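Just below is one structure, and these are the notes that go with it.
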Amino acid sequence: DSGVTQTPKHLITATGQRVTLRCSPRSGDLSVYWYQQSLDQGLQFLIHYYNGEERAKGNILERFSAQQFPDLHSELNLSSLELGDSALYFCASSVGVVVAWETQYFGPGTRLLVL
Amino acid sequence: GIQVEQSPPDLILQEGANSTLRCNFSDSVNNLQWFHQNPWGQLINLFYIPSGTKQNGRLSATTVATERYSLLYISSSQTTDSGVYFCAVNWDNDMRFGAGTRLTVKP
């Protein structure tokens, strides 16, 4: 158990809908990262938050947004969903005090299926 | 953007064998990481290794930043080593993953 929790574990929805994925980092970790893993695109970095502030943005679509709250949990919002958004979405956390991109601890992922 | 290539794409070993996985990248990077994804999908960060050599038990990694490659060594492989191994590079504020090496260790 990495100490990172993600909810829900599975999500089935329809095209055009909006969903919110939630991530709680390990106790004491200030950085949260979001990743998408799909058969087509492989693993992709989406976005990184450190202590509530956006620090890095990867290949994240404009239809997607994220935020990190004062209690350090994070939410990834996916809107106007398309079939191609079906994927496994991972959250990871790290201490992230001195060095970004340091050793990250991954949650179990949320599997999203868009029908 | 930076290209990350991993080889081989697939590797099948007998338990107890050693293996070397390679990660090549096309430009200078701030750092490099190796990950293992087990057959149940769980991702684990193995090494954070921008340069030099690190060892953790039967696994070790070497990154030669000047030549733009990294190697992951697995010695005395066990069935629990099966899964997909990814390398990922960081530069500026971005991160790029390779396509992975799928390792199958047979008992």
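Same order as they appear, the protein sequences are chains A and B.
Just so you know, we're using this note's numbering here: the first sequence kicks off at 707 and counts up by one.
Just so you know, we're using this note's numbering here: the second sequence kicks off at 55 and counts up by one.
Glycine included, each C-beta is placed from N, C-alpha and C at the ideal position.
What you are looking at is a predicted structure, and each value in this text was computed from that prediction instead of being measured.
Query raised in the report: What is the residue span of the beta strand (DSSP E) that A/Ser737 lies within?
Result: Boundaries of the beta strand (DSSP E) harbouring A/Ser737: 737-744, taken from the DSSP string.
**Report entry** First through last residue of the beta strand (DSSP E) which encompasses A/Arg724
**Finding:** That residue, A/Arg724, is in no beta strand (DSSP E); it is neither H nor E in DSSP.
Requested in this report: Can you give me the Cβ contacts of A/Asp825 inside the same chain, cut-off strictly under 8 Å, excluding the 5 residues immediately before and after it?
Outcome: Here chain A has residues from 707 to 821 only, and residue 825 of chain A is not among them.
Requested in this report: Would you tell me roughly how many angstroms separate the C-alpha atoms of A/Thr816 and B/Ala71, rounded to the nearest one?
Outcome: A/Thr816 and B/Ala71: Cα-Cα distance of roughly 34 Å.
Query raised in the report: Residues of chain B with CB under 8 Å from A/Arg761, in chain order?
Result: Those are Asn147, listed as they occur along chain B.
Query raised in the report: Would DSSP call B/Ala119 helix, strand or coil?
Result: The three-state reading of DSSP puts B/Ala119 in helix, counting H, G and I together.
Query - As assigned by DSSP and simplified to three states, the class of B/Asp148 - result: Of the three classes helix, strand and coil, the one that applies to B/Asp148 here is strand, per DSSP.
Query raised in the report: In its own chain, which residues sit with a C-beta less than 7 Å from the C-beta of B/Asn78, not counting the 5 before and 5 after it?
Result: Hits under 7 Å: Glu59, Arg122, Tyr123.
Query raised in the report: Of the residues A/Phe812, A/Ser771, A/Gly758, A/Ile766, which one's Cα is nearest the Cα of A/Leu844?
Result: Within the shown structure, residues of chain A are numbered from 707 to 821, placing residue 844 of chain A beyond reach of any answer.
Query raised in the report: Using a Cβ-Cβ cut-off of 6 Å (strictly less than) and excluding sequence neighbours within five positions of B/Thr158, which residues of its own chain qualify?
Result: Excluding residues within five positions, the ones whose Cβ falls inside 6 Å are Ile66, Ser136.
Query raised in the report: Any heavy atom of the ligand ZN closer than 6 Å to the Cβ of B/Pro161?
Result: For the structure depicted, the ligand ZN is absent and the ligand set is empty, with no information on it obtainable.
Query raised in the report: Is A/Ser800 closer than 7 Å to A/Glu808 when the C-beta atoms are compared?
Result: Contact: yes.
Query raised in the report: Got a sec: which bits of the stretch 134-160 of chain B sit with their beta carbon under 9 Å from any beta carbon on chain A, in order along the chain?
Result: The residues in question are Phe140, Ala142, Asn144, Asp146, Asn147, Asp148, Met149, Arg150, Phe151, Gly152, Ala153, Gly154.
Query raised in the report: Do B/Ala115 and B/Leu126 have their CB atoms nearer than 7 Å?
Result: Yes, the Cβ-Cβ distance between B/Ala115 and B/Leu126 is below 7 Å.
Query - Opening and closing residue of the beta strand (DSSP E) in which B/Val58 lies - result: Note, B/Val58: beta strand (DSSP E), 58-61.
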